[in-house]
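Reading through the structure tokens given below for one structure.
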Amino acid sequence: MRRGPTVAWAACLLWGGVSFFLAPDRTVALGEGIRLLAGAGAYLVTSYALRERRELGLALGGILALACGIALYDIAHFAQKIGFASHFTADNISILGTHESIGSLLALLLPLALGLGLSGALPDRARLTSQAVVLILGFAWIMTRCRSAWLGGSIGLLLIGYLFWRYPPLSKKKEYRGAHTWKQKLTSPIVIIIGALVVMALVGGLAPLLSNRVTGLVNLLEDGSLGTRLIMWSGGLRMLSLKPLFGWGLGSYLLLQGRWTNLGDGPEQVVLNGTGHQNIAHNYYVQWAAETGSVGLFLLLFSVFVLLFSGWRALARVRDPGERTLLIACLGALSGGLVEVNGSPAFQFCGVWAVFWALAGVLMGVIRQAGEDPAPQRARFGYGIAALAAALICGGAVWLGKLLWDPRGQPRGVFQVVERTHGPYYPGEAVRWRALYRNGWGKEQGSHPATTWVVPVWFEQGGTRAPRPVKSEEWALWREEFNASDLLRGFSELSLRLPAGETGMLQVQADFQDEFGRTYSASRVVDVVEAPPAKKKPTTKPQPH
Numbered sequence: 004m005r006r007g008p009t010v011a012w013a014a015c016l017l018w019g020g021v022s023f024f025l026a027p028d029r030t031v032a033l034g035e036g037i038r039l040l041a042g043a044g045a046y047l048v049t050s051y052a053l054r055e056r057r058e059l060g061l062a063l064g065g066i067l068a069l070a071c072g073i074a075l076y077d078i079a080h081f082a083q084k085i086g087f088a089s090h091f092t093a094d095n096i097s098i099l100g101t102h103e104s105i106g107s108l109l110a111l112l113l114p115l116a117l118g119l120g121l122s123g124a125l126p127d128r129a130r131l132t133s134q135a136v137v138l139i140l141g142f143a144w145i146m147t148r149c150r151s152a153w154l155g156g157s158i159g160l161l162l163i164g165y166l167f168w169r170y171p172p173l174s175k176k177k178e179y180r181g182a183h184t185w186k187q188k189l190t191s192p193i194v195i196i197i198g199a200l201v202v203m204a205l206v207g208g209l210a211p212l213l214s215n216r217v218t219g220l221v222n223l224l225e226d227g228s229l230g231t232r233l234i235m236w237s238g239g240l241r242m243l244s245l246k247p248l249f250g251w252g253l254g255s256y257l258l259l260q261g262r263w264t265n266l267g268d269g270p271e272q273v274v275l276n277g278t279g280h281q282n283i284a285h286n287y288y289v290q291w292a293a294e295t296g297s298v299g300l301f302l303l304l305f306s307v308f309v310l311l312f313s314g315w316r317a318l319a320r321v322r323d324p325g326e327r328t329l330l331i332a333c334l335g336a337l338s339g340g341l342v343e344v345n346g347s348p349a350f351q352f353c354g355v356w357a358v359f360w361a362l363a364g365v366l367m368g369v370i371r372q373a374g375e376d377p378a379p380q381r382a383r384f385g386y387g388i389a390a391l392a393a394a395l396i397c398g399g400a401v402w403l404g405k406l407l408w409d410p411r412g413q414p415r416g417v418f419q420v421v422e423r424t425h426g427p428y429y430p431g432e433a434v435r436w437r438a439l440y441r442n443g444w445g446k447e448q449g450s451h452p453a454t455t456w457v458v459p460v461w462f463e464q465g466g467t468r469a470p471r472p473v474k475s476e477e478w479a480l481w482r483e484e485f486n487a488s489d490l491l492r493g494f495s496e497l498s499l500r501l502p503a504g505e506t507g508m509l510q511v512q513a514d515f516q517d518e519f520g521r522t523y524s525a526s527r528v529v530d531v532v533e534a535p536p537a538k539k540k541p542t543t544k545p546q547p548h
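Encoded structure:
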């Protein structure tokens, strides 16, 4: 039974390899495949190559040291940028790029550091160092302004507190040696750490930041970022409902999500220039399900459920205080990370993904050292419950995708192509068109990247020649921002330079797919007339003096 989590994890990894061959673009899929392999390498190294507890401790220490370096850099950048008493509104504050990337990493590692810092089983130097790490990571974690990281980290911290109370690494008699007085409780490590973080947040200029973000948590329905995430999640569920078994292939969400969300970059932009957060679902389970189908989602959920269940079962068998500390710390960190990715793109970042599976490998290494489960029938029953829960979630996701995005009862929208330039048009001039879409309720929405432009066709005046398509180097596609405050949505536009020295007609056509998969088509024809002769400037005879 000790091999159960690894077998489930290996099956999930192999299915990711199968999805690589189903991908619409192998270049994008290769990037996703490298991310999966990075996580696989981290898991195998920490679970099988590092066999001794000291080696596992050094690996965790290295990860925490790296996180401290990143956190200290961000704190210094925060102080230099705005000062410790100013209001902070910047989106990107981290050396890793954005607040979401560093927030996800800290949501994983803060519970881990706290678990090590609270254990009386570690040497004093290691325990005090871990407590100092908690202060550094905790302040940076608060500073990230990432609410999904706050939620995931909080879940991990609460779980660690419960596990330390339920399965203390040292017996209470050895650890406490008598009842605690109120003075001893006030000077406990957890109270000191919480108090220090509160003081740092208040005097460090974070009060306005925290107030704004907490207000957003209270008023979720008025939060624009939540509305955008709901559109992203709905697009992923729609993709899953159309190909429920095998999905669209690895990396396909990055390429195709615009068909159902009208957000972010189009496929050609993703392939040529890459993309960013605007093409990520901000929910790893939804994105993984869209790409690998219900089979891939089932294997992912089953593997993590089995891993956490096996870790929880091993708590009662592990007798060594140090190993139990590692077990509790990893369980809290992994649980918080799994909650956090419900609302963030964390696992799409290769670094965060690798750190998660490195911690999963540490957990698996401790489970292996704990020996066989004395009650294999209960373990098998737990595996069955995990499989049933994963299957129910997969079925619910497919059902929800079909239910929410059923076009019945939804009126069709209006799609049209309009000219951005004004005629009359003469040979050699530039013309620009924009695709516009209003949904069935009359609300204007972005038309990019769900618009596909057909190659423009030129009709020569007089009809002596057959219509000919315009050469690709003579026209270009553009993305115009929806408005200054909404950078995720945009209009799809086409610009073209008319043939020089020719008159006739030019036809442009665009096809559009709404969020329900319904297609629209619109076209526009412009007349190109001969330019009027230039007017001669009147000449005046010089007057005699």
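Every position in the sequence shown, counted from 1, becomes a number in the numbering used here once 3 is added. Where is the CB? At the ideal position from N, CA and C, for every residue including glycine.
field: glycine 445, buried or exposed, once every other Cβ within 10 Å from all chains shown has been counted against 16
entry: When all chains shown are included, glycine 445 counts as exposed.
message: I need the DSSP call for glycine 325, collapsed to helix, strand or coil.
response: In the structure shown, glycine 325 sits in a helix (DSSP, three-state: H, G or I).
- request: Under 6 Å Cβ to Cβ from proline 270, same chain only, skipping five residues before and after it: list those, please.
  value: Within the same chain, proline 270 has close Cβ partners Leu258.
- prompt: In whole angstroms, what separates the C-alpha of threonine 522 from that of glycine 339?
  reply: Cα to Cα, the separation comes out at about 41 Å.
query: What residues are listed by DSSP as bridge partners for threonine 264?
result: Bridge pairing for threonine 264: absent [DSSP].
task: Using the Cα positions of leucine 115 and leucine 67, report the straight-line distance between them to the nearest angstrom.
output: Leucine 115 and leucine 67 have their alpha carbons spaced roughly 9 Å apart.
- prompt: Does DSSP classify phenylalanine 23 as helix, strand or coil?
  reply: In the three-state DSSP reduction, phenylalanine 23 falls in the helix class (H, G or I).
message: Am I right that valine 401 and proline 247 are in contact with their C-beta atoms under 8 Å? What's the rounded C-beta distance?
response: Indeed they touch by this definition, with Cβ atoms about 5 Å apart.
query: Using the C-alpha atoms, what's the distance from proline 126 back to threonine 132?
result: Those two C-alpha atoms are separated by around 10 Å.
- prompt: At what residue ranges does the stretch 367–413 contain a whole run of the beta strand (DSSP E), taking only runs of 3 or more?
  reply: Listed in chain order, nothing qualifies, since the stretch 367–413 has no complete beta strand (DSSP E) run of 3 or more residues.
query: What whole-angstrom Cβ distance do valine 365 and leucine 329 have, given they're in contact under 8 Å?
result: In this structure, valine 365 and leucine 329 form a Cβ contact; the two beta carbons are roughly 6 Å apart against a cut-off of 8 Å.
task: Can you grab the Cα-Cα spacing for the pair glutamate 463 / arginine 471, in whole Å?
output: Each residue's alpha carbon lies about 9 Å from the other.
Residue of Tyr51, Gly106, Arg527 and Ile234 minimising C-alpha distance to glutamate 518: Closest in C-alpha terms to glutamate 518, from the list Tyr51, Gly106, Arg527 and Ile234, comes Ile234.
query: Are the beta-carbon atoms of leucine 33 and glycine 19 separated by less than 9 Å?
result: Not closer than 9 Å, so no.
query: Alpha carbon to alpha carbon, what distance is there between alanine 392 and proline 8?
result: Approximately 16 Å, taken between the alpha carbons.
query: Apart from the five residues on each side of it in sequence, which residues of its chain come closer than 7 Å, Cβ to Cβ, to phenylalanine 312?
result: For phenylalanine 312, where only same-chain residues beyond five positions count, the Cβ hits under 7 Å are Gly385 and Ala389.
- prompt: Using DSSP with H/G/I as helix, E/B as strand and the rest coil, what is proline 270?
  reply: Three-state DSSP puts proline 270 in a helix.
field: Own chain, CB closer than 7 Å to alanine 394, minus 5 neighbours either side, in chain order
entry: These residues qualify, in order along the chain: Phe301.
query: Quick one: Cα of tyrosine 46 to Cα of leucine 16, how far?
result: Rounded to whole angstroms, tyrosine 46 and leucine 16 show a C-alpha spacing of 12 Å.
message: For proline 452 and alanine 319, what's the separation of their Cα atoms in angstroms?
response: Those two C-alpha atoms are separated by around 54 Å.
- request: Look at the Cβ atom of glutamate 422, then the Cβ atom of arginine 492, and state whether they are nearer than 9 Å.
  value: In terms of Cβ geometry, glutamate 422 and arginine 492 do not form a close pair [threshold 9 Å].
query: From Arg57, Gly118 and Cys71, pick the residue whose C-alpha is nearest to that of leucine 109; which is it?
result: In terms of Cα proximity to leucine 109, the closest of Arg57, Gly118 and Cys71 is Cys71.
message: Give me the residue from Gln351, Gln134, Ser157 and Arg441 with the minimum Cα distance to glutamine 413.
response: Its Cα nearest to that of glutamine 413, the residue Arg441 stands out among Gln351, Gln134, Ser157 and Arg441.
message: Here's the rule: buried if 16 or more other CB atoms are within 10 angstroms of the residue's CB, otherwise exposed. What is alanine 476?
response: Per the sequence presented here, residue 476 reads as glutamate, with alanine not at that position. Taking a 10 Å sphere around the C-beta of glutamate 476, we find fewer than 16 other C-beta atoms and assign the residue as exposed.
message: For the stretch 340–356 against the stretch 148–162, do three or more pairs of beta-carbon atoms, one drawn from each stretch, fall closer than 8 Å, so that the two count as touching?
response: Two segments are said to touch when three or more pairs of C-beta atoms, one from each, lie closer than 8 Å; by this definition the stretch 340–356 touches the stretch 148–162.
query: Of all the alpha helix (DSSP H) runs that stay within the bounds of the stretch 336–367, which reach a length of 4 or more residues?
result: Complete alpha helix (DSSP H) runs here, min 4: none at all.
- prompt: CB valine 274 to CB aspartate 28, shorter than 9 Å?
  reply: Cβ distance < 9 Å, so valine 274 and aspartate 28 count as in contact.
field: Beta-carbon proximity list for threonine 455, same chain, < 6 Å, skipping 5 on both sides
entry: The residues are Asp514.
Neighbour-count burial assignment, isoleucine 37, 16 or more Cβ in a 10 Å radius: Around the beta-carbon of isoleucine 37, fewer than 16 other beta-carbon atoms lie within 10 Å, marking it exposed.
task: Enumerate in chain order the residues of its own chain whose CB-to-CB distance from valine 457 is below 6 Å, with the five nearest sequence positions on each side excluded.
output: Cβ within range, chain order: Gln512.
- request: Look at the alpha carbon of leucine 334 and the alpha carbon of methionine 146, and state the distance between them as a whole number of angstroms.
  value: Rounded to whole angstroms, leucine 334 to methionine 146 spans 24 Å at the Cα level.
- prompt: Which residue's Cα is closest to the Cα of leucine 53: Gln372, Arg130 and Leu266?
  reply: Cα-wise, what sits closest to leucine 53 is Gln372.
Distance between beta carbons of proline 430 and glutamate 505, contact taken as under 8 Å: 6 Å between Cβ atoms; contact.
- prompt: Would you call phenylalanine 308 buried or exposed, if buried means 16 or more other Cβ atoms sit within 10 Å of its Cβ?
  reply: It is buried - the Cβ of phenylalanine 308 has at least 16 other Cβ atoms within 10 Å.
task: Evaluate asparagine 265 with the Cβ neighbour count: other Cβ atoms within 10 Å of its Cβ, from every protein chain shown; 16 or more gives buried, anything less gives exposed.
output: Here asparagine 265 is buried: its Cβ has 16 or more other Cβ atoms, across all protein chains shown, within 10 Å.
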